[in-house]
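Protein chains in written order, with UniProt numbering: chain W, 1 to 314; chain G, 1 to 314. All C-beta atoms, glycine included, are put in the ideal place defined by N, C-alpha and C.
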């Protein structure tokens with residue numbers, strides 16, 4: 001399907017970039033959660049199996065959120081046991097203590113909490129102040145750590161917010177510090193509305209380092225709403241970031257709507273990293289086959305440019 | 001339309017980038033040349049006027065190619081006088097001496113020749129060897145320079161070629177040197193099939209510098225076939241490049257087909273540069289209005305993510 005015999009993309013390493021990148025695959029959770037039509041549990045399970053077969057080593061599997069909030073992921077109890085034996089990391093989202101209980105009962109070894117950098121989002125999403133929302137996560141993180149689980153903290157709206165606009169860097173740093181201080185092992189800086197640009201990325205990462213947050217604890221989660229996701233990723237790699245969130249086939253939000261979440265497509269990321277000679281362990285052909293299959297399940301084409309370019313029937 | 005009151009994108013300059021970038025707008029020529037339905041001359045003229053009103057200072061207007069080859073641009077003689085009084089640079093493509101005659105007769109002050117880095121493309125496009133194709137351009141460039149015209153040399157297939165795959169950097173350097181030696185004032189490195197990645201870009205630019213080609217004579221022309229155009233542009237800016245080719249609304253080739261030329265959308269570029277605090281002189285709202293209008297003329301939506309995000313009706 002791809003054309004390695006043509007030597008494309010030509011692998012030309014660039015100075016100052018990491019030798020390997022861990023792709024944190026979010027398609028099965030973040031990518032599917034806003035799908036209108038219910039995706040059958042067996043399709044989700046096959047999707048995750050295929051992603052693992054394609055070489056992805058970290059695959060966020062589902063969310064133990066209340067089914068009322070995210071009906072698409074109401075099958076978490078049914079899904080997780082169908083994938084939990086895969087030899088990959090399978091983090092799951094836990095919104096609160098009840099969600100953590102459910103995840104722990106199924107033996108989840110990695111969990112993630114979903115915080116935000118802004119008052120407006122905390123208010124809109126949780127009807128809490130920012131500090132109240134952080135206080136809500138504290139017992140979740142504490143308990144997960146006591147139980148020996150690995151904990152990721154998402155910080156949504158890390159660059160911009162639809163109500164507040166540009167988010168001051170010190171505010172993001174404060175939330176990151178709070179999540180690390182309560183015990184999170186890693187953080188994911190989310191550009192939920194896609195308004196980050198490369199200089200902003202570097203500035204936030206530098207400010208975090210200055211506040212004592214080591215680069216190796218940080219991942220980046222860019223959205224392609226304004227076409228910036230891959231350029232922002234390059235800027236993050238130049239800063240030393242080695243964990244990049246991406247969604248197979250660009251799943252997650254319709255790219256034609258303003259409300260697009262527009263997740264960075266894993267294939268476009270793998271193409272860039274392959275060109276940079278950076279190891280990901282991903283088999284691009286298998287991944288594209290998976291995304292084409294998933295697009296068929298959902299009944300619409302993948303927005304990933306790499307998937308479109310390489311899956312086109314001659 | 002955009003939301004400057006929200007301060008987005010937050011302008012955060014990054015180290016080592018230029019203070020200003022000249023956008024070389026190719027929508028009216030490269031963007032339209034492969035359109036199937038004939039675009040009326042008055043629409044093309046209005047498009048160019050609107051682009052100038054939006055602040056673009058270099059707008060490639062048309063091509064004086066034989067009408068048999070590019071029927072869409074057969075109206076070059078009718079179009080050019082309708083835009084030639086605009087206070088912007090209006091380069092035109094001239095494929096050969098006959099095309100140059102036509103351009104000079106209309107008073108064109110800037111012309112461009114379209115060379116290639118590979119034997120396969122020279123063979124397919126001109127039925128000549130690479131050296132024969134360069135020999136064909138020599139009298140065109142010579143005469144344009146004798147007449148006091150500014151000459152741009154395009155080098156298509158500067159990174160990859162659909163027949164040969166990855167193109168060796170020394171071969172691209174040789175073609176660039178030949179074009180400069182025959183008198184070209186500037187060059188545009190074209191990633192015609194979109195397979196460049198950031199390290200490859202830096203490596204080619206460095207090799208050109210080592211061969212005595214100064215960075216200020218170079219522009220970059222990236223395609224988004226694999227989603228890499230903006231990341232590659234960032235890499236080029238980091239090398240000191242200050243001329244970037246882009247196409248308003250991403251005009252040029254269907255993004256859904258493998259054969260997509262998939263020009264970098266000017267709006268996505270302006271969004272990134274605005275975020276980096278780099279001056280372009282472009283009014284993004286006016287440009288988006290123009291691309292939305294042009295998309296209506298062509299009867300299909302713009303593939304630019306920034307146009308989609310900001311032109312969405314609430």
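Spatial distance of residue i from residue j (CA atoms)
i: residue 76 (chain W); j: residue 309 (chain W); result: 34 Å
i: residue 213 (chain W); j: residue 152 (chain W); result: 14 Å
i: residue 264 (chain G); j: residue 251 (chain G); result: 8 Å
i: residue 27 (chain W); j: residue 48 (chain W); result: 9 Å
i: residue 158 (chain W); j: residue 82 (chain W); result: 34 Å
i: residue 63 (chain G); j: residue 71 (chain W); result: 55 Å
i: residue 36 (chain W); j: residue 225 (chain W); result: 20 Å
i: residue 99 (chain G); j: residue 142 (chain G); result: 14 Å
i: residue 136 (chain W); j: residue 194 (chain W); result: 27 Å
i: residue 114 (chain W); j: residue 59 (chain G); result: 46 Å
i: residue 139 (chain G); j: residue 221 (chain G); result: 25 Å
i: residue 91 (chain W); j: residue 57 (chain W); result: 11 Å
i: residue 129 (chain W); j: residue 65 (chain W); result: 20 Å
i: residue 306 (chain W); j: residue 162 (chain G); result: 16 Å
i: residue 256 (chain G); j: residue 293 (chain W); result: With a pLDDT of only 43 at residue 256 (chain G), under 50, the local geometry of the prediction cannot be trusted, and no value is derived from it.
i: residue 52 (chain W); j: residue 78 (chain G); result: 59 Å
i: residue 201 (chain W); j: residue 236 (chain W); result: 7 Å
i: residue 311 (chain W); j: residue 287 (chain W); result: 11 Å
i: residue 303 (chain G); j: residue 248 (chain W); result: 20 Å
i: residue 61 (chain G); j: residue 17 (chain W); result: 40 Å
i: residue 73 (chain W); j: residue 85 (chain W); result: 20 Å
i: residue 44 (chain W); j: residue 227 (chain W); result: 28 Å
i: residue 217 (chain W); j: residue 167 (chain W); result: 21 Å
i: residue 296 (chain G); j: residue 32 (chain G); result: 14 Å
i: residue 150 (chain G); j: residue 196 (chain W); result: 38 Å
Per-residue burial, residue i [other beta carbons within 10 Å of its own, 16 or more giving buried]
i: residue 291 (chain G); result: buried
i: residue 206 (chain G); result: exposed
i: residue 223 (chain G); result: buried
i: residue 262 (chain G); result: buried
i: residue 233 (chain G); result: buried
i: residue 131 (chain G); result: exposed
i: residue 15 (chain W); result: exposed
i: residue 8 (chain G); result: buried
i: residue 210 (chain G); result: exposed
i: residue 190 (chain G); result: buried
i: residue 67 (chain W); result: exposed
i: residue 230 (chain G); result: buried
i: residue 101 (chain G); result: exposed
i: residue 124 (chain W); result: exposed
i: residue 260 (chain W); result: Unreliable positioning characterises residue 260 (chain W) in this predicted model, as indicated by a pLDDT of 48, which lies under 50. The coordinate reading is nonetheless provided below. Classification of residue 260 (chain W): buried, given that the 10 Å Cβ count is 16 or more.
i: residue 271 (chain G); result: buried
Whole-Å CB distance - residue i paired with residue j, under 8 Å assumed
i: residue 104 (chain W); j: residue 147 (chain W); result: 6 Å
i: residue 208 (chain G); j: residue 173 (chain G); result: 6 Å
i: residue 116 (chain W); j: residue 155 (chain W); result: 7 Å
i: residue 284 (chain W); j: residue 300 (chain W); result: With 8 Å as the limit, residue 284 (chain W) and residue 300 (chain W) do not qualify as a contact, their Cβ atoms being about 22 Å apart.
i: residue 164 (chain W); j: residue 243 (chain W); result: Not really, about 27 Å apart at Cβ, beyond 8 Å.
i: residue 266 (chain G); j: residue 25 (chain G); result: 6 Å
i: residue 215 (chain G); j: residue 240 (chain G); result: 5 Å
i: residue 19 (chain G); j: residue 181 (chain G); result: With a Cβ gap of about 31 Å, residue 19 (chain G) and residue 181 (chain G) do not count as contacting.
i: residue 13 (chain G); j: residue 276 (chain G); result: 6 Å
i: residue 80 (chain W); j: residue 108 (chain W); result: 7 Å
Partner residues on chain W for residue i, Cβ-Cβ distance less than 8 Å
i: residue 271 (chain G); result: 197, 226, 227, 228
i: residue 276 (chain G); result: 197, 198, 199
i: residue 37 (chain G); result: Here the premise fails: no neighbours, minimum Cβ distance about 23 Å.
Closer than 8 Å at the beta carbon, the chain G residues around residue i
i: residue 306 (chain W); result: 226, 227
i: residue 268 (chain W); result: 226, 227, 228
i: residue 234 (chain W); result: 198, 231, 234, 235
i: residue 286 (chain W); result: Here the premise fails: no neighbours, minimum Cβ distance about 17 Å.
i: residue 18 (chain W); result: In chain order: nothing, as chain G lies at least about 13 Å away.
i: residue 166 (chain W); result: 6, 7, 8, 9, 10
i: residue 249 (chain W); result: The premise fails here: residue 249 (chain W) is roughly 12 Å from chain G at the closest Cβ pair, so nothing lies under 8 Å.
i: residue 211 (chain W); result: Simply none; closest approach about 17 Å.
i: residue 27 (chain W); result: Within 8 Å Cβ-Cβ: nothing; residue 27 (chain W) doesn't reach chain G, min ~16 Å.
Closer than 7 Å at the beta carbon, the chain G residues around residue i
i: residue 54 (chain W); result: Simply none; closest approach about 18 Å.
Chain-ordered chain G contacts of residue i [CB-CB under 9 Å]
i: residue 265 (chain W); result: 227
i: residue 202 (chain W); result: 12, 14, 15
Cross-chain neighbours of residue i in chain C, by beta carbon under 7 Å
i: residue 281 (chain W); result: The structure shown contains no chain C; the protein chains it does contain are W and G.
Uninterrupted alpha helix (DSSP H) stretches inside the stretch 138 to 192 of chain W (no shorter than 4 residues): 169 to 181
Beta strand (DSSP E) runs contained entirely in the stretch 189 to 251 of chain G, provided each spans 3 or more residues: 218 to 221, 243 to 246
Ordered list of alpha helix (DSSP H) runs contained in the stretch 48 to 110 of chain W, each at least 4 residues: 76 to 83, 97 to 105
Whole alpha helix (DSSP H) elements within the stretch 254 to 305 of chain G, 4-residue minimum: 266 to 275, 284 to 298
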